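Below is one structure; the comments refer to it alone.
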Amino acid sequence: MTKIQIPFLLALFVSVASYSQDVSVQYAQSITPKDLERHLRVIAHDSLEGRDTGSPGQKKAAAYVANFFKSIGLQPIVTDKDGSKSYFQPYGLYQKSWGEVYLATEKEQYEFQQDFYLSGLLNVLSEEKVSVVFAGYGIESDKYDDYKSLDVTGKAVLILEGEPKNKKGNYLISGDEKPSKWSNDAMSWQRKVSLATSKGAKYVLIVSNLTGDDFAKEVTKRGVMNQRFNRLSMKPYTEKTTGNAAFTISRAMALDLLDIKAKKLAKIENTISSKGQSLAGSLPERSVRVKAERKENIVMTENVLGFLEGTDKKDEVIMITAHLDHIGISADGQINNGADDDGSGTVSILELAEAFAKAKAEGHGPRRSIVFMTVTGEEKGLWGSEYYTSNPVIPLANTVCDLNIDMIGRVDNAHKSNPNYVYLIGSDKLSSELHAISEEANKKSVNFDLDYTFNNPTDPNRFYYRSDHYNFAKNKVPVIFYFTGVHEDYHRPGDDVEKIMFDKQSKIVQLVFHTAWELSNREERIKVDSNKP
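For the sequence shown, this note's numbering gives the first residue as 140, with consecutive numbering after it.
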């Protein structure tokens, strides 16, 4: 090689690199606040009812994403059972949920989460009729005992909430103004249930001290809490239904179950207080019909994948992900639209896909392939990304990295005075090259403040483990998680489109674009050379 040729080739290389950079800027700038908002007004619209995993609203959102992928020329790459290609990767989640639950007297049937709430788990598949025995406050101590001469074997025990006081207002058991273990904390009801079941009781009915609207509000709140018993899982699972469980009922419902008037119950309570003696068993036994059905459903949902084939390195793939679903409708009927969580990530995927598709259509396609994927089940346990990494369409060995976007449309309290930032999580944990590329892409493009606070392994929030990138990371695929932090509307009905900062979001999406551009076009695949916690 002559001395003349070397400078010429160096100049040519610099020229090509500069041209490539100019081209990437052109396509990055096609990602605009206006387009992000246009998509988000669909994804986070009330008509999708919060996009709960597997719900009709979530499926509408999935169809919107798939149709958009098709419109911009992305290829479907999921093989259906009939051998055809699809944008959808369907999978099922197992759900234990409450079926038919009620309590019924001869006069009326009372409905779950309307007339009463249930703490703990039961599984009464077929209606059972049992005797109801009044057991006072359901307490046993050396100073006051409701079970001294009471047989509750195989029966439903009806007990009053709290514990009795004397005429002076002191608690009978403690002897002063301080409550005993039977009413002094949130676990007091469990102590009463444990005692009743140890005596042979089959069911426990607790009469709430709350009345009217206060009781109705408590039932609503407990309905939300009960959602934890309706969790979704990737595989079938069993649950323990033989532990502490109690039906908490209203005072009016208790009167029906005992077949007495309000004055009679009040007189019983006053007599216990004045005499300091239990009146358990002083009322005739009645009966109640009980059903508390636990059932298992399979909830079908789907990841949505769009494929952009690369050129000379097409067998290697860059994954760009966000989660499509949210938490749906609250127990009080309010819709949680999830505009930021993770509508912001979903529409970012659409804009990134369009920018890369446009580049390819104009002869500037990436060397490596790119898969744009919106996953579901994130809110229930990162299930969609787990399903994909367990059933990858493209082998994980060929997967260069995952760039995951989750909540980038708002600011948190730490950055109220400086919205030009983004938290980066995981960028250096598996690949020092990925971290360096990310830093350089930021300097050459948006020049945001890159905040690594949550990348610290001692950070108590543990965000590194809480979004879909983690299922790639635990399979040794390098990741970057783009995030702008938690705000006051996180998992609340106030997470709406009107609060999204689209100018800020578009800059972060452009940063993701520049990072992906470099990753997909560089000569060498990034190395996995780190193993940081």
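The beta carbon of each residue, even a glycine, is placed where N, CA and C say it ideally should be.
Note that the structure is predicted; figures quoted are calculated from it, not measured.
query                                                                                                                                                                             : result
Helix, strand or coil: how does DSSP classify arginine 190 here?                                                                                                                  : helix
By DSSP's criteria, tyrosine 310 is part of a beta bridge. Which residues make up the other side?                                                                                 : Lys304
What is the DSSP secondary structure of glycine 484, counted as helix, strand or coil?                                                                                            : helix
Tell me the rounded alpha-carbon separation between threonine 292 and lysine 379.                                                                                                 : 22 Å
Determine which residues share a DSSP beta bridge with proline 672 and list them.                                                                                                 : Note: proline 672 sits in no beta bridge, so no partner.
To the nearest angstrom, how far is it from the Cα of leucine 213 to the Cα of glutamate 455?                                                                                     : 17 Å
For the alpha helix (DSSP H) holding glycine 293, just list the boundary residues, first then last.                                                                               : Looking at the DSSP string, glycine 293 is not in any alpha helix (DSSP H), and its letter there is neither H nor E.
Would the beta-carbon of glutamate 518 fall within 8 Å of that of isoleucine 665?                                                                                                 : no
Determine the direct distance from the alpha carbon of valine 296 to that of valine 679, and round the result to whole angstroms.                                                 : Since the first and last residues shown for the chain are 140 and 672, residue 679 lies out of range.
Work out the CA separation of threonine 350 and serine 258 for me, nearest whole Å.                                                                                               : 18 Å
Considering only their Cβ atoms, is the gap separating leucine 242 from glycine 193 smaller than 8 Å?                                                                             : no
Just confirm the distance between the C-beta atoms of isoleucine 619 and glycine 548, as a whole number of angstroms; I'd bet it's less than 8 Å.                                 : Actually they are not in contact, since the Cβ atoms of isoleucine 619 and glycine 548 sit about 18 Å apart, beyond 8 Å.
Just list the residues that DSSP pairs threonine 538 with in beta bridges.                                                                                                        : Val456
Under 8 Å, do isoleucine 216 and leucine 444 count as touching if we go by C-beta distance?                                                                                       : yes
I need the DSSP call for histidine 184, collapsed to helix, strand or coil.                                                                                                       : coil
In terms of residue numbering, what span does the beta strand (DSSP E) encompassing leucine 463 cover?                                                                            : Premise fails: leucine 463 is in no beta strand (DSSP E) and is neither H nor E.
For phenylalanine 147, does the count of other Cβ atoms within 10 angstroms reach 16, so buried, or fall short, so exposed?                                                       : Reliability of the predicted coordinates at phenylalanine 147 is poor, the pLDDT of 39 falling under 50, and no value is obtained from them.
At 3 residues or longer, and completely inside the region 182-270: list those beta strand (DSSP E) runs for me, N to C.                                                           : 227-243, 248-250, 255-258
In whole angstroms, what separates the C-alpha of aspartate 588 from that of valine 510?                                                                                          : 27 Å
Would you report the Cα separation of serine 186 and glycine 467, rounded to the nearest angstrom?                                                                                : 11 Å
Using only alpha-carbon positions, find the residue among Tyr276, Asp290, Val240, Ala385 that is nearest to glutamate 267.                                                        : Val240
Using the three-state DSSP reduction, which class does lysine 430 fall into: helix, strand or coil?                                                                               : strand
Pop quiz: asparagine 262 and arginine 433 are said to be a contact at Cβ under 8 Å. What is the actual Cβ separation, rounded to whole angstroms?                                 : 4 Å
Could you check the C-alpha separation between glycine 624 and valine 561 for me, to the nearest Å?                                                                               : 8 Å
Using three-state DSSP, classify aspartate 161 as helix, strand or coil.                                                                                                          : helix
Mark glycine 502 as exposed unless 16 or more other C-beta atoms lie within 10 angstroms of its C-beta, in which case mark it buried.                                             : exposed
State the DSSP-derived secondary structure class of phenylalanine 587, mapped to helix, strand or coil.                                                                           : coil
Measuring CB to CB, does phenylalanine 622 end up less than 8 Å from methionine 546?                                                                                              : yes
What is the rounded straight-line gap between the Cα of alanine 580 and the Cα of leucine 658?                                                                                    : 10 Å
Are the beta-carbon atoms belonging to proline 195 and aspartate 642 less than 8 Å from one another?                                                                              : no
Taking C-beta to C-beta, are glutamine 329 and asparagine 365 nearer than 8 Å?                                                                                                    : no
Do you know how far the Cα of alanine 498 is from the Cα of alanine 492?                                                                                                          : 10 Å
In whole angstroms, give me the CA-to-CA distance for tyrosine 256 and serine 337.                                                                                                : 23 Å
Let me know if glycine 504 comes out buried or exposed under the rule of 16 or more other beta-carbons within 10 Å of its beta-carbon.                                            : buried
Using only the alpha-carbon positions, how far apart do alanine 536 and aspartate 598 sit?                                                                                        : 30 Å
For the region 599-671, which segments carrying the beta strand (DSSP E) assignment without a break, of at least 3 residues, lie completely within its bounds, in sequence order? : 618-622
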